[in-house]
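Just below is one structure, and these are the notes that go with it.
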Amino acid sequence: MSQLKKDFLWGGALSNVQAEGGYLEDGKGLNVYDTLVVTPEPGIAPMFCDTAVATDHYHHYKEDIDLMAEMGFKAYRFSVVWSRIHPLGDEEQPNLAGLDYYEDMIDYLLEKGIEPVVSLVHFDMPDHLLREYNGFLNKQVIEFFARHVESIVERFKGKVKYYITYNEINLAPYMPDLVAGVYKPDDMSQEELFSQLTINVQIAHARAVDVIKRIDPQAQVGGMIGHAPFYPLTCQSQDIIAADFKNKMHNYLPFDIMTSGKLPEYFIHFMKQRDIVIDFNEQEQAMIASSAQKLDYLSFSYYRSSVQGSYDDIDDLIALENAILFDKRGLKNPYYPSNEWGWQIDSEGLRYSLIDFYHRYHKPLFIVENGIGIDEQLKDGKVIDDERIAYYQKHITSIKRAVLHDGVDLMGYLAWSPIDFLSSHKEIRKRYGFVYVNRDFKDLLDLKRYRKKSFYWYQKVIQTHSEDLNNDIDY
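Numbering (our numbering), first residue to last: 802 to 1276.
So this is what it looks like as structure tokens:
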């Protein structure tokens, strides 16, 4: 095979909760992203925004989809905002206006020849479920989620071919408020939270798989993680062991459970050594085992790789592992450059990840986020973002190597992102889009859409099925 397969899904992805705005319109409730208190990222000075307008995708979605169609998208991943469908989260009946909105979006995508890829929870748990139930740490919320998924799939049956159960599920123990709607109880250790929340979100994933396959057996369902491979900081054995541990707990654990249908031995051993007693009954175990037989593909986001080192000053092995698991030292790889926020750029790390996952799990893979955040300004109606084009050139070259040379079964590649919107830290200064949305931190300006240079470059990439990656755009 000298080319990617003909039905390869080129496209893009965004998180609706970060793009929509439409704050409390048409019955929407507050969610955990709306109420998130941001911890600034390292790097240049932040410009945090509230979510009242974001980049107003709620009112511009047809214009934005038209731009995606102009680029030639074959697929578009978006998220159905939970608090727009169930404003509080524990209602028995959905908000029909919310379902109408997303069905109109799906119909418009299909009219344009773009396959919708729907994420079911993406930083958008209703705030009420965090405040009143403590999110997915409370198993009652898992049942609320299953009811939410049922409402969506019943409505979109036959229209949506691809679902993602849970965005970046592995980040739940690290960013519990945003990813899982959870505050750590005072009487619970970080390791206990890691263990129980890992299991609870896997139960939520399994419930979603079951609901989707029961209502729409033709739909394809994938699990998803936020992936960053951890390389050993040095060639010393203690750093190699540290990186191996971190990769298992951060990257492999969720996929190991999703694909095998059971808890891996290393995770059981981790809990046993720490005397952690988990709530995980036989019915839940059976649900996870059943869902593993129904899972169609694995998906992940990839932005960067990381490095992991050991600690010379910690002798106790359990304390050492705990420190590695929650390491916040921000160790840097000396071989790779970084963007303005310190995210290191490692395109071949994407190839490595594809090879690693495919030969570990033997399932089709789907890259559903990949991109670079850049501090950029509009000048004379243009954004010359050669840095973004260079990033994508290298990463797309790497995925082609993984497929054409290494034999990886890759379904598609969704760039992050079609348009500018707020980052996960509510940051407008950190822009990811192929389309510039004209607003700044303090002033919404006119929210007009402007095609960046990368817009025309990615259009060419899709048109040529990635045969032409040259940056020779006349802009």
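The beta-carbon is built from N, C-alpha and C at its ideal position, and this holds for glycine as well.
Problem set entry | Pairwise C-alpha distance: Asp1181 and Gly823 | 29 Å
For this session: Taking only beta-carbon positions, decide if Ser1148 is within less than 7 Å of chain D.
Result: The chain inventory of the structure shown lacks chain D, comprising one protein chain alone.
Problem set entry | Cβ-based burial, Arg1189 [other Cβ within 10 Å; buried from 16] | Buried, by the Cβ-count rule.
For this session: Pick out whichever of Arg956, Ser1038 and Phe945 has its Cα sitting closest to the Cα of Met906.
Result: When each option's Cα is compared against that of Met906, the closest is Arg956.
Exercise. Three or more C-beta pairs closer than 8 Å, one from the stretch 1016-1029 and one from the stretch 1093-1104: is that the case here?
Worked result: Below 8 Å, enough C-beta pairs join the stretch 1016-1029 and the stretch 1093-1104 to call them touching: three or more.
Exercise. In whole angstroms, what is the alpha-carbon distance linking Pro1219 and Pro1030?
Worked result: 25 Å
Exercise. When DSSP labels each residue in this structure, what does Met802 get in the three-state scheme?
Worked result: Model confidence at Met802 stands at a pLDDT of 49, short of 50, so the residue's coordinates are unreliable; what they give is reported in the following sentence. Met802: coil per DSSP, three-state reduction.
Exercise. Could you check where the beta strand (DSSP E) with Val996 kicks off and where it finishes?
Worked result: According to the sequence shown, residue 996 is Ser rather than Val. Membership of Ser996 in any beta strand (DSSP E) is not indicated; the residue belongs instead to the alpha helix (DSSP H) covering Gln991 to Ile1016.
Exercise. Helix, strand or coil for Gly936 per DSSP?
Worked result: Here Gly936 sits in helix by DSSP.
Problem set entry | Length of the line joining the Cα atoms of Asn1052 and Leu1245 | 38 Å
Exercise. So, is Ala853 buried or exposed, given that buried needs 16 or more other C-beta atoms within 10 angstroms?
Worked result: exposed
Problem set entry | Ser880: first and last residue of the uninterrupted beta strand (DSSP E) it sits in | Ala876 to Ser880
Exercise. Taking all protein chains shown into account, do 16 or more other C-beta atoms lie within 10 angstroms of the C-beta of Lys1133, making it buried, or fewer, making it exposed?
Worked result: exposed
Exercise. Which first and last residues belong to the alpha helix (DSSP H) in which Leu979 is found?
Worked result: Pro977 to Ala981
Exercise. Looking only at its own chain, which residues have a Cβ that is under 6 Å from the Cβ of Asp1207, when we skip the five neighbours before and after it?
Worked result: Ile1156
For this session: Starting from Ser1102, follow the beta strand (DSSP E) in both directions and report where the run begins and ends.
Result: Tyr1098 to Tyr1103
Exercise. Using the C-alpha atoms, what's the distance from Asp988 back to Glu1170?
Worked result: Cα-Cα distance, rounded: 36 Å.
Exercise. Is DSSP giving Met1025 helix, strand or coil here?
Worked result: strand
Exercise. To the nearest angstrom, how far is it from the Cα of Ser816 to the Cα of Asp925?
Worked result: Per the coordinates, the alpha-carbon of Ser816 lies some 9 Å from the alpha-carbon of Asp925.
Problem set entry | At least 3 beta-carbon pairs within less than 8 Å: the stretch 828-838 vs the stretch 1237-1251 | Too few Cβ pairs lie closer than 8 Å, so no.
Problem set entry | Nearest-angstrom Cα separation, counted from Leu972 out to Glu916 | 27 Å
Problem set entry | Met926 - DSSP class collapsed to helix/strand/coil | coil
Problem set entry | Terminal residues of the beta strand (DSSP E) in which Ile1197 lies | Not the beta strand (DSSP E): Ile1197 falls in the alpha helix (DSSP H), residues Asp1187 to Leu1205.
Exercise. Hey, how far is the Cα of Leu1215 from the Cα of Tyr984?
Worked result: 32 Å
Exercise. Can you name the start and end residues of the alpha helix (DSSP H) that Ser1154 belongs to?
Worked result: For Ser1154, the uninterrupted alpha helix (DSSP H) run begins and ends at Ser1148 to Tyr1162, by DSSP.
Exercise. With Ala947 and Gly1213 assumed to form a contact (beta carbons below 8 Å), what rounded beta-carbon distance in angstroms separates them?
Worked result: Incorrect: roughly 27 Å between the Cβ atoms, too far for contact.
Exercise. Three-state secondary structure (DSSP) at Arg1250?
Worked result: strand
Problem set entry | Distance, Gln941 Cα to Tyr934 Cα | 8 Å
Problem set entry | Beta-ladder partner(s) of Gly959, from DSSP | BP columns for Gly959 are empty, so no partner.
For this session: Taking all protein chains shown into account, decide if Asp1186 is buried (16 or more other Cβ within 10 angstroms of its Cβ) or exposed.
Result: buried
Exercise. What's the gap between the Cα of Val919 and the Cα of Tyr1159?
Worked result: 23 Å
Exercise. DSSP state of Phe1071, grouped into three classes?
Worked result: Note: Phe1071 maps to helix in three-state DSSP.
Exercise. Going by Cα to Cα distance, which pick from Asp1147, Lys1049, Gln1074 and Asn1123 is closest to Thr1198?
Worked result: The shortest C-alpha separation from Thr1198 is found at Asp1147.
For this session: Using DSSP bridges, identify the partner residues of Trp811.
Result: Tyr1214
Problem set entry | For Tyr1137, the three-state DSSP class (helix, strand or coil) | Three-state DSSP puts Tyr1137 in coil, outside helix and strand.
Exercise. So the alpha helix (DSSP H) Ser1092 belongs to, where does it begin and stop?
Worked result: Glu1083 to Ala1093
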